[in-house]
Amino acid sequence: MELKSVCRMLLFPVQMLYCIVRASLMLLLPSRRKDLTKEVVLITGGGRGIGRHLAKEFAKHGARKVILWGRTEKCLKETAEEITLSGTECHYFLCDVANREEVYKQAKVVREKVGDVTILVNNAAVVHGKSLMDSDDDALLKSQHINTMGQFWTTKAFLPRMLELQHGHVVCINSILSQSPIPGAIDYCTSKASSLAFMESLTLGLLDCPGVSCTTVLPFHTNTEMFQGMRVRFPQLFPPLKPEVVAQRTVDAVRTDKAFLYLPWTMHALVILKSFMPQVALEEIHKFSGTYTCMNTFKGRT
Numbered sequence: 001m002e003l004k005s006v007c008r009m010l011l012f013p014v015q016m017l018y019c020i021v022r023a024s025l026m027l028l029l030p031s032r033r034k035d036l037t038k039e040v041v042l043i044t045g046g047g048r049g050i051g052r053h054l055a056k057e058f059a060k061h062g063a064r065k066v067i068l069w070g071r072t073e074k075c076l077k078e079t080a081e082e083i084t085l086s087g088t089e090c091h092y093f094l095c096d097v098a099n100r101e102e103v104y105k106q107a108k109v110v111r112e113k114v115g116d117v118t119i120l121v122n123n124a125a126v127v128h129g130k131s132l133m134d135s136d137d138d139a140l141l142k143s144q145h146i147n148t149m150g151q152f153w154t155t156k157a158f159l160p161r162m163l164e165l166q167h168g169h170v171v172c173i174n175s176i177l178s179q180s181p182i183p184g185a186i187d188y189c190t191s192k193a194s195s196l197a198f199m200e201s202l203t204l205g206l207l208d209c210p211g212v213s214c215t216t217v218l219p220f221h222t223n224t225e226m227f228q229g230m231r232v233r234f235p236q237l238f239p240p241l242k243p244e245v246v247a248q249r250t251v252d253a254v255r256t257d258k259a260f261l262y263l264p265w266t267m268h269a270l271v272i273l274k275s276f277m278p279q280v281a282l283e284e285i286h287k288f289s290g291t292y293t294c295m296n297t298f299k300g301r302t
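For the sequence shown, UniProt numbering begins at 1 and goes up steadily by one.
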């Protein structure tokens with residue numbers, strides 16, 4: 001074995017220790033936050049729920065322009081008007097991210113009418129809340145096309161220009177269910193797991209690309225229309241997140257170039273436990289917390 005390779009192997013544990021210590025110190029010290037006043041932010045699913053709050057939060061922090069994509073014009077228009085009244089330039093476009101041709105077409109329209117997108121927020125998602133055998137085949141496909149494949153099309157549409165400019169940020173609003181699935185939402189959990197793998201791979205692939213970063217947000221159950229009716233056994237111990245809090249923490253993560261954000265922070269413990277606990281113990285945790293039945297009362301958007 002070459003001397004150089006031996007030295008690198010010996011130094012590797014030291015490098016790992018340095019990274020752990022450095023990351024720990026960064027948690028204690030105030031982070032430098034980047035300015036958003038020159039950013040053009042595009043948010044998919046931007047008409048309601050977390051997307052609507054994200055638009056307001058980016059505008060609040062001085063984003064130059066906010067662009068909303070979605071499938072419901074009424075919601076998009078209401079949100080765009082609210083953002084415009086706050087003093088931030090806001091545009092909206094009807095776009096179904098599951099439709100590849102439509103994404104590429106609207107991306108071209110955005111570049112021509114608004115300018116280059118520098119922050120892409122992949123937020124659009126759907127959930128049907130049914131078991132595998134009760135799920136319609138078309139509904140299953142729809143979940144994968146919107147929640148997962150839509151990210152492929154939007155990222156392919158806007159990332160190349162970010163790389164040219166050496167300036168940009170790709171954000172994914174994922175879910176803790178990508179790492180801790182529950183019954184009754186098999187399509188959603190599967191699509192979010194795929195989405196997480198996409199973002200992990202993309203984040204690593206951009207390590208050598210100066211000026212372009214990624215942020216993946218993995219929140220616990222958020223109190224939005226999309227998960228209306230979902231119930232946990234101990235709501236006092238595991239209260240649903242407020243969408244405005246998710247939006248605030250997401251924008252802050254973008255400003256500090258944080259790669260992965262778990263909400264609340266206790267979700268880190270869940271991921272760690274899952275990495276070494278036997279399956280039977282994990283099943284008992286699910287029984288205790290009531291996640292086996294949490295989708296029994298699911299209604300979704302009404």
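Quick reminder that beta carbons are idealized off the backbone N, C-alpha and C, glycines included.
(request) Identify, in the order they occur along the chain, each residue of the same chain with its Cβ nearer than 7 Å to the Cβ of V129, setting aside the five sequence neighbours on each side. (result) Translated into the one-based positions of the sequence shown, residue 129 becomes position 129. As written in the sequence, residue 129 is Gly, which differs from the Val given in the question. Within the same chain, G184, A185, M295, F298 and G300 come within 7 Å of G129 by CB-CB distance, once the 5 residues on both sides are set aside.
(message) So, at 6 Å on beta carbons, what are the nonlocal neighbours of W153 in its own chain, with the 5 sequence-adjacent residues on each side left out?
(response) Within the sequence shown, numbered from 1, the residue matching residue 153 stands at position 153. Closer than 6 Å at Cβ, skipping near neighbours: R100 and V103.
(request) Kindly indicate which three-state DSSP category G70 falls into: helix, strand or coil? (result) Here residue 70 refers to the residue found at position 70 when the sequence shown is read from its first residue. Here G70 sits in strand by DSSP.
(message) Using CA atoms only, rank isn't needed, just tell me which of K192, A125 and M162 is closest to I50.
(response) Translated into positions along the sequence shown, residue 50 becomes position 50. The residue with the shortest Cα to Cα distance from I50 is A125.
(message) Is it the case that the region 171–178 contacts the region 111–123, given that we only count it when at least three CB pairs across the two stretches are under 8 Å?
(response) Segments in contact, yes.
(message) By the three-class DSSP mapping on this structure, what secondary structure does L54 have?
(response) Taking the first residue of the sequence shown as 1, we reach residue 54 at position 54. L54 carries a helical assignment under DSSP once its states are collapsed to helix, strand and coil.
(request) Figure out for me which residue from D134, Y92 and L241 has the closest Cα to the Cα of V40. (result) The residue you call residue 40 lines up with position 40 of the sequence shown. The candidate whose alpha carbon is nearest that of V40 is Y92.
(request) Please state whether DSSP places L206 in a helix, a strand or coil. (result) Sequence index remark: in the sequence shown, residue 206 carries index 206 (1-based). It is coil, neither helix nor strand.
(request) Within 10 angstroms of the Cβ of T44, are there 16 or more other Cβ atoms? Answer buried if so, exposed if not. (result) By one-based count along the sequence shown, residue 44 stands at place 44. With 16 or more Cβ atoms within 10 Å of its Cβ, T44 is classed as buried.
(message) I'd like the span of the alpha helix (DSSP H) that includes E112, first residue to last.
(response) Mapped onto the sequence shown, residue 112 falls at position 112. Going by DSSP, E112 is part of the alpha helix (DSSP H) stretching over R100 to K113.
(message) Would you call the region 278–289 in contact with the region 61–71, where contact means no fewer than 3 C-beta pairs closer than 8 Å?
(response) As far as the Cβ criterion goes, the region 278–289 does not touch the region 61–71, which means the pair count is below three.
(message) Going by C-alpha to C-alpha distance, which of L140, R161, K142 and M133 sits closest to T118?
(response) Against the sequence shown, residue 118 aligns to sequence position 118. Nearest C-alpha to T118 among L140, R161, K142 and M133: R161.
(request) Within 10 angstroms of the Cβ of P243, are there 16 or more other Cβ atoms? Answer buried if so, exposed if not. (result) Within the sequence shown, residue 243 is the residue found at index 243, counting from 1. That one is buried.
(message) I'd like the ranges of any beta strand (DSSP E) spanning at least 3 consecutive residues and lying wholly in the region 126–175.
(response) You should have 168–173.
(message) Rounding to the nearest angstrom, what Cα-Cα distance links L140 and Y292 in this structure?
(response) In the sequence shown, residue 140 corresponds to position 140, counting from 1. In the sequence shown, residue 292 corresponds to position 292, counting from 1. Approximately 20 Å between the Cα atoms of the pair.
(request) Under 7 Å Cβ to Cβ from S180, same chain only, skipping five residues before and after it: list those, please. (result) Within the sequence shown, residue 180 is the residue found at index 180, counting from 1. A distance below 7 Å between beta-carbons, with the five flanking residues on each side excluded, links S180 to the following residues of its chain, in chain order: L270 and K274.
(message) So, for residue 304: in the same chain, excluding its five sequence neighbours on each side, which residues have a beta-carbon less than 6 Å away from its beta-carbon?
(response) Examination of residue 304 is not possible in this model, given that the chain is present from 1 through 302 alone.
(message) Given a cut-off of 7 Å on the beta-carbon distance, is the pair Q166 and P235 in contact?
(response) For the purposes of this step, residue 166 is taken as the residue at position 166 of the sequence shown. For the purposes of this step, residue 235 is taken as the residue at position 235 of the sequence shown. The Cβ-Cβ distance between Q166 and P235 does not fall below 7 Å.
(request) For P13, decide whether its Cβ has a neighbour in chain C, counting only Cβ atoms nearer than 7 Å. (result) The question asks about chain C, but that chain is absent: this structure has only one protein chain.
(request) Enumerate, from N- to C-terminal direction, the unbroken alpha helix (DSSP H) stretches of 4 or more residues contained entirely within the region 224–258. (result) Listed in chain order, they are 243–255.
(request) Alpha carbon to alpha carbon, how far is L132 from E78? Give it in angstroms, no decimals. (result) The residue labelled residue 78 in the question sits at position 78 within the sequence shown. The residue labelled residue 132 in the question sits at position 132 within the sequence shown. CA-to-CA, the gap between E78 and L132 works out to about 36 Å.
(request) Buried or exposed for S86, please, with buried defined as at least 16 other CB atoms from any protein chain shown within 10 angstroms of its CB. (result) The residue given as residue 86 occupies position 86 in the sequence shown. Classified as exposed, S86 has fewer than 16 neighbouring CB atoms from the shown chains inside 10 Å of its CB.
(request) Identify whether K65 lies in helix, strand or coil by the three-state DSSP scheme. (result) For the purposes of this step, residue 65 is taken as the residue at position 65 of the sequence shown. Reduced to three states, the DSSP call for K65 is strand.
(request) Compute the Euclidean distance between the alpha carbons of residue 344 and K34, then round it to the nearest angstrom. (result) Because the chain here runs from 1 to 302, residue 344 falls outside it and cannot be looked at.
(request) Hey, could you find the ends of the beta strand (DSSP E) H268 is sitting in? (result) For this step, residue 268 is matched to residue 268 along the sequence shown. No beta strand (DSSP E) holds H268; the alpha helix (DSSP H) holding it covers M267 to F276.
(message) Quick check: what's the CA-CA separation for T155 versus R48?
(response) Here residue 155 refers to the residue found at position 155 of the sequence shown. Here residue 48 refers to the residue found at position 48 of the sequence shown. Spanning the two alpha carbons is a distance of roughly 21 Å.
(request) Select from E82, R71 and E73 the residue whose C-alpha is nearest the C-alpha of L54. (result) As a working note, residue 54 is residue 54 in the sequence shown. Among E82, R71 and E73, the Cα nearest to that of L54 is on E82.
(request) Closer than 8 Å by C-beta to M9: which residues in its own chain qualify, once you throw out the five before and the five after it? Chain order, please. (result) Within the sequence shown, residue 9 is the residue found at index 9, counting from 1. Cβ neighbours of M9 beyond the five flanking positions: none.
(request) Note down the Cα distance separating L206 from E2, rounded to an integer number of angstroms. (result) Taking the sequence shown and counting its residues from 1, the one referred to as residue 206 is at position 206. Taking the sequence shown and counting its residues from 1, the one referred to as residue 2 is at position 2. The alpha-carbon atoms of L206 and E2 are separated by roughly 29 Å.
(message) So the candidates are D252, F227, V109 and S191; which of them puts its Cα closest to the Cα of A157?
(response) Your numbering for residue 157 matches position 157 in the sequence shown. Closest by alpha carbon: V109.
(message) For a quick check, are the C-beta atoms of T148 and S201 less than 7 Å apart?
(response) Within the sequence shown, numbered from 1, the residue matching residue 148 stands at position 148. Within the sequence shown, numbered from 1, the residue matching residue 201 stands at position 201. In this structure, S201 does not lie closer than 7 Å to T148 by Cβ.
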